Amino acid sequence: MTTHDTTDNANHPIALWGGRFSSGPSKALAALSKSTQFDWRLADDDIAGSRAHAHALYRAGLLSEKEYADLSLALDELQKRVDDGTFAPIEEDEDEATALERGLLEIAGNELGGKLRAGRSRNDQIAALIRMFLRRSARIIAGLLLSVCDVLIKQSKNAEDAVMPGRTHMQHAQPVLLAHQLMAHVWPLIRDIQRLIDWDLRANESPYGAGALAGNTLGLNPEEVAKELGFANVCANSIDATASRDIVAEFSFIAAMIGVDISRLSEEIIIWNTQEFAFVRLDDAYSTGSSIMPQKKNPDIAELARGKAGRLIGDLTGLMATLKGLPTAYARDLQEDKEAVFDQIDTLEVLLPAFCGMVETMKFDLQRLKEQSSTGFALATDIAEWLVKHGVPFRNAHTLSGLCVKRAEEIGGDLADLTDNDFANILQGFVDEPNISELRKVLSSEGSVAARCGRGGTAFVRVKEQILEAETKVNNYYNFANSISDGIAYRSSAK
Ligand code: ARG
9 MTTHDTTDNA NHPIALWGGR FSSGPSKALA ALSKSTQFDW RLADDDIAGS
59 RAHAHALYRA GLLSEKEYAD LSLALDELQK RVDDGTFAPI EEDEDEATAL
109 ERGLLEIAGN ELGGKLRAGR SRNDQIAALI RMFLRRSARI IAGLLLSVCD
159 VLIKQSKNAE DAVMPGRTHM QHAQPVLLAH QLMAHVWPLI RDIQRLIDWD
209 LRANESPYGA GALAGNTLGL NPEEVAKELG FANVCANSID ATASRDIVAE
259 FSFIAAMIGV DISRLSEEII IWNTQEFAFV RLDDAYSTGS SIMPQKKNPD
309 IAELARGKAG RLIGDLTGLM ATLKGLPTAY ARDLQEDKEA VFDQIDTLEV
359 LLPAFCGMVE TMKFDLQRLK EQSSTGFALA TDIAEWLVKH GVPFRNAHTL
409 SGLCVKRAEE IGGDLADLTD NDFANILQGF VDEPNISELR KVLSSEGSVA
459 ARCGRGGTAF VRVKEQILEA ETKVNNYYNF ANSISDGIAY RSSAK
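Below you can see the structure in the form of structure tokens.
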């Protein structure tokens with residue numbers, strides 16, 4: 009390839025501005041302003057942007073064929089150096105864009121390298137790069153979430169028709185299938201994946217070409233640039249394109265919501281894993297010990313997941329506060345958008361695989377779940393509804409069933425321990441010749457569960473149906489997770 013003299017710029021700091029300044033930036037300003045410590049991860053997207061932009065300059069007649077070819081080769085070389093680590097930001101580089109421009113000038117020389125900046129601004133660049141990065145991340149996170157859905161579905165299938173106590177207010181409420189309870193955590197995750205897919209439609213517009221705020225005078229075609237960067241469209245308003253970060257905030261909300269959803273299942277697992285509950289045992293590979301108490305086996309993954317939900321929410325909250333009340337065009341405050349979402353992405357990328365492993369390997373004590381499922385008068389509603397089927401108004405049925413609970417408490421047993429006489433005494437005057445043995449049939453968890461057979465109910469047939477429904481969706485969403493959001497400018501890089 010043709011490279012121009014490169015020695016001049018090697019490792020020498022450059023500034024992207026300075027013509028009107030008589031002094032360089034103070035050390036304190038430079039330290040505050042610098043963002044390479046977190047925005048360097050946008051380097052690949054930046055180079056892809058440069059590739060597409062060079063193409064646009066060429067198409068507009070602002071680069072000759074040879075200049076375009078040389079610049080493209082220089083960008084290949086720059087990508088290679090970024091990949092193998094021979095080029096990296098130096099202390100004085102303000103941001104990833106400044107560093108990469110320095111790198112390009114090193115390779116292509118000041119004259120050719122200096123032509124690339126025409127018609128673009130870091131304002132439209134950075135707005136495009138964050139979208140490109142987040143679109144790729146959305147697919148990775150969707151893939152990790154799908155794995156969590158897969159293992160939850162597998163656990164639900166393994167549980168077959170096993171019953172467990174369902175709770176409201178943390179108190180025994182009604183028996184449910186274990187599979188039903190587990191699937192109750194799959195659906196929110198499915199919606200989180202749907203949110204990512206839906207978010208991607210809005211993120212799929214390119215800010216490139218918006219310039220600093222008003223567009224550019226050079227006749228560059230933003231549609232072509234958008235296509236080469238993997239965007240379906242160009243933002244309709246250049247001010248909006250550079251100034252708004254609702255796309256970033258929406259992504260951040262989804263990340264926070266994922267944290268919240270995972271933390272709810274975590275809390276459940278932590279409780280189920282206590283000695284008192286003893287519903288579930290965690291695999292050794294996914295639990296930790298105590299440095300002082302040899303007997304301890306702790307659910308740290310679930311606790312970290314619960315804890316990290318706070319951090320994910322904090323990232324969202326900080327970002328929203330940054331965006332509130334900003335004037336509507338680029339302001340440097342917007343540089344603060346990145347760390348919030350990068351932290352969320354890093355957090356989820358380390359959390360979800362560990363969480364997935366814990367869920368996949370945990371073992372339920374089905375016998376204990378069954379034993380507990382009908383305790384705590386969990387079948388009182390079933391008595392009330394049995395009475396309703398025998399013509400008793402629900403208000404009375406509720407009271408009568410309550411009297412059964414009271415009697416059970418008196419005799420120190422559960423509802424099934426009431427004698428036929430007990431039932432007959434309570435029900436007399438409300439049901440003519442009550443068939444107590446028929447009533448006793450609803451006094452089993454299995455009977456109770458099987459009777460709840462409307463759509464969404466906990467009856468085995470319905471649970472099997474929802475598992476199938478969820479599985480179909482999950483399989484389908486892998487298409488999104490495996491799709492590629494990057495355009496040819498990214499893929500044609502030297503990597
Ligand atoms: N580093 C900035 C950011 O991340 C982009 C640079 C825009 N700077 C400027 N002075 N216009 O938002």
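Heads up, the sequence shown is in the numbering used here, so the first residue is 9 and it goes up one at a time.
Quick reminder that beta carbons are idealized off the backbone N, C-alpha and C, glycines included.
Since this is a predicted model, take the numbers as computed values, not measurements.
Residue i beta carbon near the ligand ARG (any heavy atom closer than 7 angstroms)
i, result
"K42", "no"
"N131", "yes"
"D53", "no"
"Y338", "yes"
"D103", "yes"
"Q343", "yes"
"I134", "yes"
"D254", "no"
"D47", "yes"
"K346", "yes"
Candidates the options: closest to residue i by CA position
i, options, result
"V159", "I270, D390, G365", "G365"
"I266", "N433, L209, I201", "I201"
"F95", "L79, I115, D78, Q375", "I115"
"L408", "G437, S295, G326, G26", "G437"
"F141", "R199, L153, M370, D52", "D52"
"E379", "G333, I55, L81, L185", "L185"
"L345", "L197, N166, D208, F259", "Contrary to the premise, residue 345 reads as Asp rather than Leu in this sequence. With distances taken between Cα atoms, D345 lies closest to F259."
"R253", "W25, E213, A77, A234", "E213"
"P230", "L320, Q182, Q133", "Q133"
"S41", "T106, E418, T296", "T106"
"K88", "I55, N166, A126", "I55"
"V471", "M191, I22, R143, I198", "M191"
"L377", "P173, G122, W25", "P173"
"C461", "A240, P307, H188", "H188"
"G455", "D390, Y338, G315", "D390"
"A240", "R499, Q375, G495", "G495"
"L197", "A77, A167, A39, A478", "A478"
"F385", "L221, A211, R139, E417", "E417"
"L336", "A249, F46, I161, L79", "Residue 336 is actually Thr in this sequence, not Leu. Measuring from the Cα of T336, the nearest candidate turns out to be A249."
"L359", "H398, A317, D323", "A317"
"K35", "D101, L86, G57", "D101"
"L70", "L24, K332, D103, K123", "K123"
"L112", "L81, N131, L324", "L81"
"L447", "R463, D425, A467", "D425"
"S295", "I98, V400, V367, L324", "V367"
"G223", "I321, R147, G333, Y338", "Y338"
Inter-residue CB distance, residue i and residue j (contact presumed, cutoff 8 angstroms)
i, j, result
"A64", "L228", "4 angstroms"
"L423", "L451", "6 angstroms"
"L83", "A68", "Wrong, their Cβ atoms sit about 18 angstroms apart, outside the cutoff."
"V482", "C157", "5 angstroms"
"I353", "A310", "The Cβ separation is near 21 angstroms, so there is no contact."
"L152", "L312", "About 15 angstroms separates the two Cβ atoms, so there is no contact after all."
"N281", "L290", "6 angstroms"
"A211", "R139", "5 angstroms"
"K304", "G297", "6 angstroms"
"F287", "D373", "6 angstroms"
"I279", "F363", "In fact, because the Cβ distance is near 16 angstroms, the residues do not count as touching under 8 angstroms."
"A432", "V413", "Wrong, their Cβ atoms sit about 17 angstroms apart, outside the cutoff."
| query | If you scan the segment 202-261 from start to end, which runs of the alpha helix (DSSP H) of 4 or more residues do you find wholly inside it? | reply | 230-236, 246-251, all fully within the segment 202-261.
| message | Quick check on the DSSP output: what are the complete alpha helix (DSSP H) runs of length 4 or more inside the segment 413-481, in order along the chain? | response | Runs of the alpha helix (DSSP H) spanning 4 or more residues and lying entirely within the segment 413-481 occur at 428-435, 444-449, 453-459, in chain order.
| query | What are the complete alpha helix (DSSP H) segments, minimum 4 residues, inside the segment 337-376? | reply | Counting only runs of 4 or more, we get 345-369.
| request: Quick one: which unbroken alpha helix (DSSP H) runs of 4-plus residues sit fully inside the segment 47-116? Chain order, please. | output: Counting whole runs of 4 or more residues, the segment 47-116 contains the alpha helix (DSSP H) stretches 51-67, 73-92.
| Which residue spans inside the segment 175-199 form an unbroken alpha helix (DSSP H) run of at least 4? | Qualifying alpha helix (DSSP H) stretches: none in this window.
| Quick one: complete alpha helix (DSSP H) runs, 4+ long, within the segment 114-171? | Segments of the alpha helix (DSSP H) lying fully in the segment 114-171: 130-167.
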